[in-house]
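Following my numbering, the numbering of the sequence shown begins with 11 at its first residue and continues without gaps.
From the three backbone atoms N, C-alpha and C, an ideal C-beta is built for every residue, glycine too.
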Amino acid sequence: QLSGQLSPRLFRKLPPRVCVTLKSIVDEEFLWAGHIFLGFSKCGRYVLSYTSSSGDDDFSFYLYHLYWWEFNVHSKLRLVRQVRLFQDEEIYSDLYLTVCEWPGDSDKVIVFGFNTRSAPGLQVNMMLMSDENHWDIYVSAVAVPPPRHCPACRQAAAPLPGSPPGEPHPPGTSPEPGYVNYTKLRYVLEPGEPPEDLEDDKISLPFVVTDLSGRSLRPLRDRATAQGQYLTVEQLTLDFEYVINEVIRNDAAWSRQFCSFSDYDIVILEVCPETNQVVINIGLLLLAFPSPDEEGQLRPRTYHTSLKVAWDLNSGTFTTVGVGDLTEVKGQTSGSVWSSYRKGCVDTVMRWLVPEGPGRGVHRMTNEALHKGCSLKVLADNERYTWIVL
């Protein structure tokens with residue numbers, strides 16, 4: 011039988027072979043240039059950083075660039091790619107950034123940026139913010155460096171066992187339902203011609219497509235033929251107002267009491283990469299008649315409730331998961347109603363939470379520490395037991 015106590019000093023340092031300092035692998039000029047280091051890529055080959063810059067006056071826009079650095083524990087970081095984020099957007103304040111790598115997709119990263127025009131120093135909780143806060147939201151899908159020299163990247167790019175095809179609308183399936191809009195555009199680079207402004211069709215999300223040098227690509231006309239290389243962008247859009255009415259009409263026990271809804275909010279509870287199913291919670295403010303069992307004059311009242319649906323990205327169809335009861339709104343502001351709704355969404359997500367195995371979850375890197383006025387202590391690649399001490 012062994013007894014005794016290990017000294018905590020044993021765990022205060024890591025062996026030099028798995029732990030390096032940032033200053034020893036990055037030239038000082040890059041640190042002075044304002045690089046914020048986010049973390050290791052999913053494959054462990056790259057370290058990602060970003061910079062934000064603006065002019066000296068109050069009317070200058072912020073410019074964001076994302077950088078990939080090739081990591082080798084025995085040498086300095088080597089810059090292999092630099093890309094501008096949120097091209098042509100007018101960004102007036104510093105953004106909260108999240109860089110995401112999806113399992114089974116090593117071709118690109120998705121970068122989310124948002125700011126809130128709320129009181130300085132207010133701690134932001136994305137789900138619990140009321141509708142009295144205004145958000146500016148930006149999204150960039152960015153190609154990663156090619157994996158030709160990286161076995162781990164090629165392995166991550168291989169489809170997961172049992173994974174469905176990646177296209178949201180595979181060939182040979184029935185046409186998408188009427189409440190889904192499927193858009194497929196082809197973009198080409200034609201030097202000397204500015205990109206044409208497409209008329210806003212109120213359905214497709216407008217976006218800017220550029221090459222790695224920041225040059226804009228223009229969409230081809232429907233019947234035009236592409237000469238040489240082109241980029242295909244696919245977009246699947248769900249009509250939530252149609253979904254709300256269909257779920258109430260077919261699945262709500264209180265459908266005969268329902269008059270109309272005045273506002274709704276969407277929270278994504280879960281995304282399953284194996285089945286391409288998205289579980290969505292739809293919060294509702296609506297007018298409905300009270301229950302026939304209640305006494306007195308029956309006039310429409312304001313209620314709130316929630317609907318849960320599962321959206322299949324392969325077929326575009328949705329199914330109802332659950333319909334909540336009607337809860338009357340008495341003396342509450344819309345902000346407090348939505349705050350309670352989002353707190354309920356957080357509770358639901360925590361109840362459903364299942365620990366994800368390595369390689370199955372979405373790999374995230376954020377600049378949250380920067381907005382809290384502090385710095386990360388280390389950048390950790392936990393799968394390969396490597397740390398960069400900041």
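The Cβ atoms of Val-243 and Val-281 do not sit closer than 9 Å to each other. Secondary structure of Cys-384 (DSSP, three-state): coil. If you compare the alpha carbons of Leu-222, Cys-384 and Gly-238 with that of Val-198, the shortest gap goes to Gly-238. In the pairwise beta carbon analysis, the segment 321 to 330 is classified as not touching the segment 298 to 307: fewer than three pairs are separated by under 8 Å.
At the C-beta level, Arg-394 and Val-277 stay beyond 9 Å of one another. According to DSSP, Tyr-56 shares a beta bridge with Glu-80. In the structure shown, Leu-95 falls within a strand segment according to DSSP collapsed to helix, strand and coil. In this structure, the alpha-carbon of Tyr-56 lies about 24 Å from that of Pro-283. Around the C-beta of Tyr-102, fewer than 16 other C-beta atoms lie within 10 Å, and the residue is accordingly described as exposed. In this structure the segment 95 to 111 lies against the segment 66 to 85, because at least three pairs of beta carbons, one per stretch, are closer than 8 Å. Beta-bridge partners of Phe-50 (DSSP): Val-57. Just so you know, the alpha carbons of Ser-226 and Thr-315 end up roughly 44 Å apart. As for any beta strand (DSSP E) of minimum length 3 sitting wholly inside the segment 247 to 298, the runs are 268 to 282 and 287 to 298, ordered along the chain. Asp-322 carries a strand assignment under DSSP once its states are collapsed to helix, strand and coil.
9 Å or more divides the Cβ of Leu-317 from the Cβ of Val-339. Annotation: Val-331 is outside any alpha helix (DSSP H); the continuous beta strand (DSSP E) that includes it extends over 328 to 333.
For Asn-291 against Leu-308, the beta-carbon gap comes to about 30 Å, at or over 8 Å, which does not count as contact.
In the three-state reduction of the DSSP assignment, Tyr-351 falls in the helix class, which pools H, G and I.
Assigned with DSSP and collapsed to three states, Ile-35 falls in helix. Looking at the DSSP output, Met-360 shares a beta bridge with no other residue. Restricting attention to Glu-378, Cys-53 and Val-257, the CA atom closest to the CA of Val-331 is found in Val-257. Cα atoms of Thr-31 and Pro-155: separation of roughly 24 Å, rounded to the nearest angstrom.
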